[in-house]
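Under this note's numbering, think of the first position of the sequence shown as 7, with each following residue one higher. We treat Cβ as the ideally placed atom computed from N, Cα and C, and that holds for glycine. Given the structure is predicted, the values throughout are model-derived calculations rather than measurements. Working notes for the structure below.
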Amino acid sequence: MQFLYTNWQITQYVRLHRCWIVHLMRKTIFKKLEAQRLIANYNRLRKNLPPKLPERVFIRDETFREGIKAPTVFLTYVEQVKLAKMMDETGVSIINVGFPALSEDDKHNVKRIVNETFEKAALTASAQATKSSVDACLECGVKEITIETPFNELNLQYRLKMTKEQALKKTVESVEYARKHGTTVDFLLMDGSRTPLDDILQIFEAAANAGASKLAIADTVGFLRPLSMRYLMAHVRDGLPETVKKKVALSVHCHNDFGLATANTLAAVEEGVTHLHTCIAGFGERAGIAPFEEVVAALELLYNIDTGVDLEKVYRLSQSAEKAFALPIQFHKPIIGENIFAHEVEEQLEEMLAHPLLFEPFPPEIVGRETRLFIGRNTGQTLIQRLLEQAGIRASPRQMDELFRHIKSPKESLDKGETQMTFYQVKRLLKDLQKGLTMEEFWRLVETITRQKPKLPETDKKPPASEYS
Ligand SMILES: [Zn+2]
Numbered sequence: 007m008q009f010l011y012t013n014w015q016i017t018q019y020v021r022l023h024r025c026w027i028v029h030l031m032r033k034t035i036f037k038k039l040e041a042q043r044l045i046a047n048y049n050r051l052r053k054n055l056p057p058k059l060p061e062r063v064f065i066r067d068e069t070f071r072e073g074i075k076a077p078t079v080f081l082t083y084v085e086q087v088k089l090a091k092m093m094d095e096t097g098v099s100i101i102n103v104g105f106p107a108l109s110e111d112d113k114h115n116v117k118r119i120v121n122e123t124f125e126k127a128a129l130t131a132s133a134q135a136t137k138s139s140v141d142a143c144l145e146c147g148v149k150e151i152t153i154e155t156p157f158n159e160l161n162l163q164y165r166l167k168m169t170k171e172q173a174l175k176k177t178v179e180s181v182e183y184a185r186k187h188g189t190t191v192d193f194l195l196m197d198g199s200r201t202p203l204d205d206i207l208q209i210f211e212a213a214a215n216a217g218a219s220k221l222a223i224a225d226t227v228g229f230l231r232p233l234s235m236r237y238l239m240a241h242v243r244d245g246l247p248e249t250v251k252k253k254v255a256l257s258v259h260c261h262n263d264f265g266l267a268t269a270n271t272l273a274a275v276e277e278g279v280t281h282l283h284t285c286i287a288g289f290g291e292r293a294g295i296a297p298f299e300e301v302v303a304a305l306e307l308l309y310n311i312d313t314g315v316d317l318e319k320v321y322r323l324s325q326s327a328e329k330a331f332a333l334p335i336q337f338h339k340p341i342i343g344e345n346i347f348a349h350e351v352e353e354q355l356e357e358m359l360a361h362p363l364l365f366e367p368f369p370p371e372i373v374g375r376e377t378r379l380f381i382g383r384n385t386g387q388t389l390i391q392r393l394l395e396q397a398g399i400r401a402s403p404r405q406m407d408e409l410f411r412h413i414k415s416p417k418e419s420l421d422k423g424e425t426q427m428t429f430y431q432v433k434r435l436l437k438d439l440q441k442g443l444t445m446e447e448f449w450r451l452v453e454t455i456t457r458q459k460p461k462l463p464e465t466d467k468k469p470p471a472s473e474y475s
């Protein structure tokens, strides 16, 4: 058993004047600490604030397009609408509601969600650079279409099986076609981070001249380093003709394969990029994409850039996403993880109460959380004795022993075994939720049903490792 203490001095005060005080706190907290000569803040040094930093950025959520690519994820329509409405309330600027050309079900869902009412958020849907894919979006009544295509040799040869000229032509035609039907068009260059700069500029210019108003680079396999991202975005920005620059906004979509999605997204902002793709809790294909809460909190608190997002609602949104996704958010996940603002008191309760920012980077109320203090197995005996004395309680040595037993022993034996069992059961259940069959399971099923041994085509076999080199 653990005893939970709330830092009531802070919470009571905050409860009284919640809204304005949290807002004020967010804007002034570090300045105040600096003015009091309590901390140094290198983030504020002019030298560390790149000249192209925008004052405002726009968050585009990819949860329904990207998040549901995580293998165990399936969202019902009701769950999707609930999350979308919460995103709207939280201040997400654009919500990608899916890829209608994928299936009739997807199209049906997109069509329904487009007819819901949203306060501020605009909706977009994704399409490939083909007429039929754009048509699927148009049928749903989407006002903003994101047309995506890759343009490097790897993709042209192995994915699109097209020449550069053909891919360029299809892009221009698709953008013009969507524009002709009165929609706004965003153009996303898949694998843009592994595409030669000249080619990026060529296809961006073509897409913009055909009517695209946002140009996005996707770091599709999470390949860039933050400094490389800055280089790339600076050169894209400076390389585009003035006429294009004036009418388009730049955007990034960063995958997290090396854990660099947030860093790369922020690096792009440092070069003036204003439209940022994120997913709640960083859900998505493989390692996911830039986590919404990390990007937003970093921009608001470390850069002082307006994201339009109400930080206080971020935690609540993440809780709903966790439930709908049935995918646990790791306990030490920045901003939204269970343990981020929880501290086991060892010897220094007074110090912790005296100034919580000794142990936390910012007051948790800013992101809709609160500091939680625990008495646990690492809490010193002297502190517990002192707490009892302060509370006017005199305990006999036997009572003290019993108290310590309750605090310390269950954690070391009983609880852990049970927790581990439950944990593995939950993991197994989550794996069972995984949709689809592995290739091995698929062929085994085919064999059972047809009673024929399949001769596997070459494409189902992985190329030898030497082919990658
Ligand atoms: Zn992606």
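How long is the line joining the alpha carbons of residue i and residue j, rounded to whole angstroms?
i           : j           : result
residue 434 : residue 448 : 20 angstroms
residue 256 : residue 194 : 10 angstroms
residue 153 : residue 133 : 5 angstroms
residue 40  : residue 108 : 53 angstroms
residue 393 : residue 258 : 52 angstroms
residue 127 : residue 280 : 16 angstroms
residue 404 : residue 411 : 11 angstroms
residue 282 : residue 63  : 7 angstroms
residue 71  : residue 175 : 26 angstroms
residue 162 : residue 170 : 7 angstroms
residue 460 : residue 75  : 29 angstroms
residue 229 : residue 261 : 8 angstroms
residue 48  : residue 56  : 13 angstroms
residue 456 : residue 462 : 15 angstroms
residue 141 : residue 28  : 46 angstroms
residue 323 : residue 92  : 6 angstroms
residue 426 : residue 436 : 15 angstroms
residue 68  : residue 58  : 25 angstroms
residue 319 : residue 454 : 51 angstroms
residue 187 : residue 340 : 42 angstroms
residue 286 : residue 111 : 23 angstroms
residue 298 : residue 289 : 9 angstroms
Residue i and residue j look like a contact to me (Cβ under 8 angstroms); what is the Cβ gap, rounded to whole Å?
i           : j           : result
residue 98  : residue 106 : Their Cβ separation, rounded to whole angstroms, is 20 angstroms, which puts residue 98 and residue 106 out of contact at 8 angstroms.
residue 376 : residue 367 : Between residue 367 and residue 376 the Cβ distance is about 15 angstroms, and since that is not below 8 angstroms, they are no contact.
Please list, in chain order, all residues of the same chain as residue i whose beta carbon is under 7 angstroms from its beta carbon, the five residues on each side excluded.
i           : result
residue 330 : 81, 85 and 89
residue 452 : 460
residue 481 : Summary: the structure shown does not reach residue 481, with the chain confined to residues 7 through 475, and so no result is reported for it.
Spatial neighbours of residue i within its chain, please: CB distance less than 8 angstroms, with the 5 preceding and 5 following residues excluded, ordered by chain position.
i           : result
residue 304 : 268 and 272
residue 409 : 390 and 401
residue 336 : 343
residue 232 : 266, 269, 270, 272 and 273
residue 214 : 193, 221, 246, 250, 253 and 254
residue 31  : 369, 371 and 372
residue 121 : 147
residue 275 : 59, 60, 63, 282, 305, 309 and 311
residue 364 : 357 and 358
Using DSSP's beta-bridge definition, name the partner residues of residue i.
i           : result
residue 134 : 154
residue 273 : Bridge partners of residue 273: none, in fact.
residue 102 : 130
residue 225 : 260
residue 196 : 156
residue 312 : 62
residue 190 : 150
residue 284 : 67
residue 295 : 261
Under the rule that 16 or more other beta-carbon atoms within 10 Å means buried, what is residue i, buried or exposed?
i           : result
residue 189 : buried
residue 429 : exposed
residue 296 : buried
residue 317 : buried
residue 399 : exposed
residue 423 : exposed
residue 94  : buried
residue 183 : buried
By Cβ distance, which residues of its chain are closer than 6 angstroms to residue i, with the 5 residues on each side in sequence left out?
i          : result
residue 11 : Bear in mind that the predicted position of residue 11 carries a pLDDT of just 48, short of 50, making it unreliable; the figure below should be weighed with that in mind. Excluding positions up to five away in sequence, the list reads 379.
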